[in-house]
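Here the structure comes first, spelled out in structure tokens, and everything after it is commentary.
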Amino acid sequence: VHGAENIVGIGKCSKSCVPVAARDPCDPPGQPEVTNITRTCVSLSWTKPEYDGGAKITGYIVERKELPDGRWLKCSFTNVQETFFDVTGLTEDQRYEFRVIARNAADQFSEPSDSTGPVTVKDDIEAPRIMMDAKFRDIVIKAGEIIKINSDIAGRPLPIVSWTKDGKDIEEKARVEIVSTDHSTTITVKDCIRRDSGQYVLTLQNVAGTRSLAVNCKVLDRPGPPAAPLEIKGLTAEKCYLSWGPPQENGGAEIDYYIVEKRETSRLAWTLCEAELPTTSCKVMKLLRGNEYIFRVMGVNKYGVGEPLESEAVKALDPFTVPTPPKSLEITNVTKESMTLCWARPDSDGGNEISGYVIERREKNSIRWIRINKKPVYDLRIKSSGLREGCEYEYRAYAENAAGLSLPSDPSPLIKAEDPVFLPSPPSRPKIVDHTRSHITIGWTKPLFDGGGPIIGYTVEYKLTSETDWSTAIQSLRGTEYTVIGLTSGAEYVFRVRSVNKIGASDPSDASEPQVAKEREEEPVFDIDNEMRKTLVVKAGESFTMTVPFRGKPIPNVLWSKPDTDLRTRANIDSSDNRTSLTVEKATRNDSGKYTLTLQNIVNTASLTLIVKVLDTPGPPSNIIVKDVTKESAVLSWEGPENDGGAPVKNYYIEKREASKKAWVTVTNNCHRLSYKVANLQEGGIYYFRVSGENEFGVGVPIETKDGVKITEKPSPPEKLGVSRITKDSVSLVWLKPEHDGGSRIVGYLVEALEKGQQKWVKCAVVKTTHHIVQGLKENMDYFFRVFAENEAGLSDPRELLLPVTVKEQMESPEVDMKGFPNHTVYVRAGSNLKVEIPISGKPLPKVTLSRDGIPLKPTMRFNTETAAECVIINLKESVATDAGKYDITAANSSGTTKSFIKIVVLDRPGPPVGPIVVSDITEEGVTLKWEPPHYDGGSQVTNYIVLKRETSTAVWSEVSATVARNMIKVMKLTTGEEYQFRIKAENRFGISDHLDSACVVIKLPYTIPGPPSTPWITNVTRESITVGWHEPVSNGGSAVIGYHLEMKDRNSILWKKVNKMIIRTTHFKASTITAGLIYEFRIYAENAAGIGKPSHPSDAVLAIDACEPPRNIRVT
298 VHGAENIVGI
308 GKCSKSCVPV
318 AARDPCDPPG
328 QPEVTNITRT
338 CVSLSWTKPE
348 YDGGAKITGY
358 IVERKELPDG
368 RWLKCSFTNV
378 QETFFDVTGL
388 TEDQRYEFRV
398 IARNAADQFS
408 EPSDSTGPVT
418 VKDDIEAPRI
428 MMDAKFRDIV
438 IKAGEIIKIN
448 SDIAGRPLPI
458 VSWTKDGKDI
468 EEKARVEIVS
478 TDHSTTITVK
488 DCIRRDSGQY
498 VLTLQNVAGT
508 RSLAVNCKVL
518 DRPGPPAAPL
528 EIKGLTAEKC
538 YLSWGPPQEN
548 GGAEIDYYIV
558 EKRETSRLAW
568 TLCEAELPTT
578 SCKVMKLLRG
588 NEYIFRVMGV
598 NKYGVGEPLE
608 SEAVKALDPF
618 TVPTPPKSLE
628 ITNVTKESMT
638 LCWARPDSDG
648 GNEISGYVIE
658 RREKNSIRWI
668 RINKKPVYDL
678 RIKSSGLREG
688 CEYEYRAYAE
698 NAAGLSLPSD
708 PSPLIKAEDP
718 VFLPSPPSRP
728 KIVDHTRSHI
738 TIGWTKPLFD
748 GGGPIIGYTV
758 EYKLTSETDW
768 STAIQSLRGT
778 EYTVIGLTSG
788 AEYVFRVRSV
798 NKIGASDPSD
808 ASEPQVAKER
818 EEEPVFDIDN
828 EMRKTLVVKA
838 GESFTMTVPF
848 RGKPIPNVLW
858 SKPDTDLRTR
868 ANIDSSDNRT
878 SLTVEKATRN
888 DSGKYTLTLQ
898 NIVNTASLTL
908 IVKVLDTPGP
918 PSNIIVKDVT
928 KESAVLSWEG
938 PENDGGAPVK
948 NYYIEKREAS
958 KKAWVTVTNN
968 CHRLSYKVAN
978 LQEGGIYYFR
988 VSGENEFGVG
998 VPIETKDGVK
1008 ITEKPSPPEK
1018 LGVSRITKDS
1028 VSLVWLKPEH
1038 DGGSRIVGYL
1048 VEALEKGQQK
1058 WVKCAVVKTT
1068 HHIVQGLKEN
1078 MDYFFRVFAE
1088 NEAGLSDPRE
1098 LLLPVTVKEQ
1108 MESPEVDMKG
1118 FPNHTVYVRA
1128 GSNLKVEIPI
1138 SGKPLPKVTL
1148 SRDGIPLKPT
1158 MRFNTETAAE
1168 CVIINLKESV
1178 ATDAGKYDIT
1188 AANSSGTTKS
1198 FIKIVVLDRP
1208 GPPVGPIVVS
1218 DITEEGVTLK
1228 WEPPHYDGGS
1238 QVTNYIVLKR
1248 ETSTAVWSEV
1258 SATVARNMIK
1268 VMKLTTGEEY
1278 QFRIKAENRF
1288 GISDHLDSAC
1298 VVIKLPYTIP
1308 GPPSTPWITN
1318 VTRESITVGW
1328 HEPVSNGGSA
1338 VIGYHLEMKD
1348 RNSILWKKVN
1358 KMIIRTTHFK
1368 ASTITAGLIY
1378 EFRIYAENAA
1388 GIGKPSHPSD
1398 AVLAIDACEP
1408 PRNIRVT
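Counting the sequence shown from 1 gives a position; the numbering used here is that position plus 297.
This is the structure in structure tokens:
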């Protein structure tokens, strides 16, 4: 309160003011910092005021100002207690300033803070950045130390951190730790090992992008194991060869050398083979025969000896074994003091050459076998001498190779040493060699023992199977084969044989298989080699013979055929029971082509195509035409010869002859095209022309023009003048344009008529068309008619009607005369021209139409019809396969309609075979292909198919066969596992079709080996045997399981031993080759047509002991 004072003193005091606390002012907050900006929002943070004016700061006011000329406005409508704030609701791209005012518990407001400065509101993003020390780019560290990699990171918004190693995310384990904050990240690997080597990659990612940085880390350590497998090759009883690959992990240093060790599986200690080996292979010596070994290899670098690679266990045994015993021991030439032994080589030499044989003998009552040869004999016979007369001896033989002696052969029968007084043993059981309706041929082998003297013959006996008594067919027969004749057709016989020596006949042999007396049936086959299948090339004038051997029962019918040739008159055919030959004398070009040999019997039919090429001059060219005649020249055109004589026609000779002369004159002998212009001809002369082809063998047969050609500028006369219709006062004439126009266009035709009995021809008309109706004639009178053609040079000679025409109304229904066309068929080579004239009659002249499949033929320049007075002409130029077919001919006039047809056959190579190609019967080396014949055979039957193949790995096609007669083939000799594609073409006498390709097919069995059977179980155990059972495999691989193989091993061994000798057909087996008291495991394999499959899991271990006996003598007391 205040009191005023003057001289008088102090006056009354004022009212007291509002109470005020004695406080210092509050400082402003720190300048706000922008921490994030988006389109509508700015995030700010600031620091507290340095001095709060003696009272706690309770909050902040945030203000903004729009630039350039706004006012400061409050942004926070609540009390902001923290030192950061998001200002929202801002305008994008607008500039602002921000400031902050502090407020304390005494309700004092500070001064405003410094402003932020201008801030533009828009999304603020910044791509991630990695700031890592350069020393981390390549880290080299020793095993057991710590890898630590740290890096600063930045980016707005804050990026996501990830670490990978060698492309895989790093999992945090006990040894691996990753720590990341907003501004840094660290990875730590403790106690590092060789596997921690590699590339560590740090990746940061936010909306602005992704950044990665790689760190290469190398841990120095001893090497990892060498690369498997540890291969063992060339194993024998003393040595083997080992090889392996360098370690995949070398521990960061070069491998200096390798250490190789071995151990017998029965011991624990490893022994050194190689101490410092620089290579990845070695030879191990001094193995002990029959012992089982394991080998191991370790790499060594400067940090120490690496981890080992171990091999499978192997036994030191030679790859070959002793041979199988000799066989077929025979004893001959028995006397009282010696015998001769013969034998046959063993089935197998054990993989090593046989060095000789050891022979032993034993007297009947002795128990000792005595060697009779000191040194092994290499021969297959030996004489055993020094015998005691009257004693009985048996013999046995051994074969010997580098592995030792074989088992002994079966002993021979006991033979008494005495001069022979025995009957021989019987011969072998006879076999049926051949049979017909009345004969059966049997064969046998000589007896094992001849009784000590030579066999002088055999007795053959036979009987019907229904009878009991045997009949003798022959006695004292020398050979070991005999044909019994005079048998009843259809009856069944058996045969037996006795051997005879000077003592007499032996017991009979076993009876043969029963055989019915009937013809042997065997399908016909050709016995020819590939040389015979090649094309036979013959010079003209030479003779040739093709001889083909064959087999077949009954003897097949033989038929030789060749298209368009009667071989019975052209060739000499000679056939016997097993071969046929075809001989052609003085071959000409017409003998070229395909000869088909067909064999047929009741069993089957077989065909063979043989190709002959006769080298001769060419045959005649075809389709010679004269055109473009002028007053001094004419143009000839023709087509090449159908038969070129086995060599291409390169040149043509052209000759001319005047009609009045006999001699031919050469025009040119050097024409290489199929047309020629003959110049310098006499105007008005009539000429004939002829053309012959030339190849490397000479000039061939000529073709001649049928009619003479008049050489004139004037046209030749019109062709085929005729009457198409007659009425009571008119005659309709038709004709065709002249063959030659004389070198200028035909401008018109002059028609003249002559009444019979008159002298003067009367001009009727000049017309441009090739038909005209002459009107105003007298009924029942006879007239002659003639027509001239006219060009710029003048009138042609006339074409006259030979017979007069009587003018009267005529009616005659149409007729089409097809007599000149056998089977209504005409033939044309593809690419050639065809002109067919079909005679037609009828009055008035019929209208003729040609149609195919009910659709009338549209005339074109290439394919059209013309109607003349008495015929219809079909013109077809440059024919193609699609022209072939049946064409209906309809002729109609006012008297009626008639129909006929003509078939056009275009002789061409066939169309392609029809697919798809059916592939069946795929085996390991072959397939069967089937296809359909071509829809279009080119007018000549398909003689054969050509089959090609290729492996899909190459583009090259190779020929399987070019002479496939039927539309199927079995392709053999393919490579297992390869994928093939096949291509098929059809061939007839005019060429080879386009091809048809198959789908690709892999050559493999349609089945594989079976899967493993179930785990076996034990059903019965004694000290001598263990019975094992199992279930069949889940998968049989596509082929039925044919049996099983059982293996067992002692629990302490690693070597499995086979239990069964023969394949096991059931799903249980009693193993009896066991030792009492040992513990065994069993496993089982299944086998099918593809082979033996994988083993089952091993059974539970089982102890080979008898079961405990039950208590006995139980008594009640």
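For each residue, glycine too, the CB sits at the ideal point set by N, CA and C.
**OP:** Spatial neighbours of Ser706 within its chain, please: CB distance less than 8 Å, with the 5 preceding and 5 following residues excluded, ordered by chain position.
**Re:** These residues qualify, in order along the chain: Pro622, Pro623, Lys624, Leu626, Trp640, Arg693, Ala694, Tyr695.
Subject >> Cutoff 8 Å; reference Arg453; Cβ partners in own chain excluding five residues on either side >> reply: If we look at Arg453 and ignore the five residues flanking it on each side, its Cβ neighbours are Asn333, Asp421, Ile422, Glu423, Asn503, Ala505.
Subject >> DSSP-derived helix/strand/coil call for Ala1404 >> reply: Three-state DSSP puts Ala1404 in coil, outside helix and strand.
**OP:** Measure the beta-carbon distance from Pro673 to Gly653 and round it to whole angstroms, keeping in mind my assumption that it falls under 8 Å.
**Re:** Contact between Pro673 and Gly653 holds, since their C-beta atoms are separated by about 3 Å, short of 8 Å.
Original post:
Is it buried or exposed for Asn940, if we count other Cβ within 10 angstroms and need 16 for buried?
Top reply: Asn940 comes out buried.
Subject >> Reduced DSSP secondary structure (H/G/I, E/B, other) of Pro821 >> reply: If DSSP states are grouped into helix, strand and coil, Pro821 belongs with the strands.
**OP:** Along the beta strand (DSSP E) that carries Arg320, what are the first and last residues, could you check?
**Re:** In this chain, Arg320 is not harboured by any beta strand (DSSP E), its DSSP state being neither H nor E.
Original post:
So, helix, strand or coil for Lys831, using DSSP?
Top reply: In the structure shown, Lys831 sits in coil (DSSP, three-state: anything other than H, G, I, E or B).
Subject >> Sequence-distant residues of its chain with Cβ nearer than 8 Å to Val339 (five each side left out) >> reply: Listed in chain order, the non-local C-beta contacts of Val339 below 8 Å within the same chain comprise Val331, Asn333, Asp383, Val384, Leu387, Tyr393, Phe395, Val416, Val418, local neighbours out to five positions each way being set aside.
Subject >> Three-way DSSP call (helix, strand, coil) for Thr632 in this model >> reply: Three-state DSSP puts Thr632 in coil, outside helix and strand.
Original post:
Rounded to a whole number of angstroms, what is the C-alpha to C-alpha distance between Ile737 and Val757?
Top reply: Spanning the two alpha carbons is a distance of roughly 12 Å.
Original post:
Considering only the beta carbon of each residue, do Ile1170 and Lys1132 sit closer than 9 Å?
Top reply: For the pair Ile1170 and Lys1132, the CB atoms are nearer than the 9 Å cut-off.
Original post:
Is it a yes or a no for the segment 1208-1221 touching the segment 1134-1144, going by three-plus beta-carbon pairs under 8 Å?
Top reply: With the cut-off at 8 Å, the segment 1208-1221 and the segment 1134-1144 do not touch.
**OP:** Say whether the segment 890-899 touches the segment 851-871, bearing in mind that this needs 3 or more beta-carbon pairs closer than 8 Å, one atom from each stretch.
**Re:** Touching, yes, given that three or more Cβ pairs across the two stretches are closer than 8 Å.
Original post:
How many angstroms separate the CA atom of Thr1195 from the CA atom of Thr1164?
Top reply: Each residue's alpha carbon lies about 16 Å from the other.
**OP:** Check whether the segment 1200-1207 touches the segment 1182-1190, counting contact only when three or more Cβ pairs, one atom from each stretch, lie closer than 8 Å.
**Re:** Using a C-beta cut-off of 8 Å, the segment 1200-1207 makes contact with the segment 1182-1190, since at least three inter-stretch Cβ pairs fall below that distance.
Subject >> Bridge-paired residues (DSSP) for Val557 >> reply: Glu571, Val594, per the DSSP bridge assignment.
Subject >> Exposed unless 16 or more other CB atoms sit within 10 angstroms - verdict on Phe374 >> reply: It counts as exposed.
Subject >> Inter-stretch contact (C-beta, 8 Å, three-pair minimum) for the segment 1005-1020 and the segment 974-986 >> reply: A contact exists between the segment 1005-1020 and the segment 974-986.
**OP:** Give the single residue among Pro1330, Gly749, Tyr790, Leu1245 whose Cα lies nearest to the Cα of Thr765.
**Re:** Checking every option, the nearest Cα to that of Thr765 belongs to Tyr790.
**OP:** Would you kindly check if the distance between the Cβ of Tyr1341 and the Cβ of Ile1281 is under 9 Å?
**Re:** Note that the C-beta distance between Ile1281 and Tyr1341 is not below 9 Å.
Original post:
Does the Cβ of Asn401 have 16 or more other Cβ atoms within 10 Å, making it buried, or fewer, making it exposed?
Top reply: Its Cβ being crowded by 16 or more others within 10 Å, Asn401 is buried.
Subject >> Buried/exposed call for Val1177, threshold 16 Cβ in 10 Å >> reply: The residue in question, Val1177, is exposed, as its Cβ has fewer than 16 Cβ neighbours within 10 Å.
Original post:
What's the C-alpha gap between Asn698 and Val619?
Top reply: Going by the C-alpha atoms only, they are around 6 Å apart.
Subject >> Residue span of the alpha helix (DSSP H) that contains Leu864, given as start and end >> reply: Its alpha helix (DSSP H) spans residues 864-867.
**OP:** Would you mind sorting Asp1234 into buried or exposed? The rule is 16 or more other CB atoms within 10 Å of its CB.
**Re:** By the neighbour-count rule (16 or more Cβ atoms within 10 Å), Asp1234 is buried.
Original post:
Helix, strand or coil: how does DSSP classify Thr777 here?
Top reply: Coil.
Subject >> Same chain, Cβ closer than 6 Å to Met595, five either side skipped, listed in chain order >> reply: Closer than 6 Å at the Cβ level, and outside the excluded window around Met595, lie Ile556, Val602, Gly603, Pro605.
Subject >> Val1216 to Lys559 span [Cα, whole Å] >> reply: Taking the straight line from one Cα to the other gives about 54 Å.
Subject >> Neighbour-count burial assignment, Gly787, 16 or more Cβ in a 10 Å radius >> reply: Under this definition Gly787 is an exposed residue.
Original post:
Does the segment 1081-1097 touch the segment 1203-1213, meaning 3 or more C-beta pairs lie closer than 8 Å?
Top reply: In short, these stretches do not touch, since the Cβ pair count stays below three.
Original post:
When the Cβ atoms of the segment 913-933 are set against those of the segment 1036-1048, are three or more pairs found closer than 8 Å?
Top reply: The segment 913-933 vs the segment 1036-1048: in contact.
Subject >> Unbroken stretches of the alpha helix (DSSP H), 4 residues or longer, contained in the segment 1300-1361 >> reply: Runs of the alpha helix (DSSP H) lying entirely within the segment 1300-1361 and spanning at least 4 residues: none are present.
Original post:
When burial is assigned at 16 or more other CB atoms within 10 Å of the CB, is Gln1056 buried or exposed?
Top reply: Exposed: under 16 other Cβ atoms inside 10 Å.
Subject >> Beta bridge counterpart(s) of Trp1032 as assigned by DSSP >> reply: Paired residue(s): none; Trp1032 is not in a bridge.
Original post:
So is Trp824 buried or exposed if we call it buried at 16+ other beta carbons inside 10 Å?
Top reply: Here the sequence assigns Asp to residue 824, which means Trp is not the residue at that position. Exposed, since its Cβ has fewer than 16 Cβ neighbours within 10 Å.
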